[in-house]
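K.L.:
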Amino acid sequence: MSGYVQFLGTDSKGQSKFIFVGTNENGSITTIHTKSGKDFWRTLNNNPKNKTIYPKAR
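Counted the way the working numbering counts, the sequence shown spans residues 44 to 101.
1) Less than 8 Å separating the beta-carbons of residue 86 and residue 78?
2) Which value, in whole angstroms, describes the spacing of the CA atoms of residue 52 and residue 83?
3) For residue 61, count neighbouring C-beta atoms within 10 Å of its own C-beta (all shown protein chains included) and say buried if the count is 16 or more, exposed if not.
4) Can you give me the C-alpha to C-alpha distance between residue 95 and residue 88, rounded to a whole angstrom?
5) Is it true that the CB of residue 73 sits closer than 8 Å to the CB of residue 80?
6) Considering Cα atoms alone, identify which of 71, 55, 69 and 76 is closest to residue 49.
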């Protein structure tokens with residue numbers, strides 16, 4: 044599974060929002076999620092303060 048991430052903007056409190064689209068091996072969309080910045084970074088890095096996206100080697 045792979046996916047794509049896009050920054051949507053910020054809410055009225057200035058908190059960031061992201062959208063994640065997951066795809067399968069055929070390139071078909073399998074999931075779409077919107078996440079707060081805090082949840083997004085926690086999901087990727089197990090740390091909401093680590094705002095780094097590490098590319099995964101193929």
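Just so it is clear, CB atoms sit at the ideal spot from N, CA and C, and this is done for glycine as well.
P.N.:
On the basis of the coordinates in this document:
1) yes
2) 13 Å
3) With a 10 Å radius around the Cβ and a threshold of 16 neighbouring Cβ atoms, residue 61 comes out buried.
4) 8 Å
5) no
6) 76
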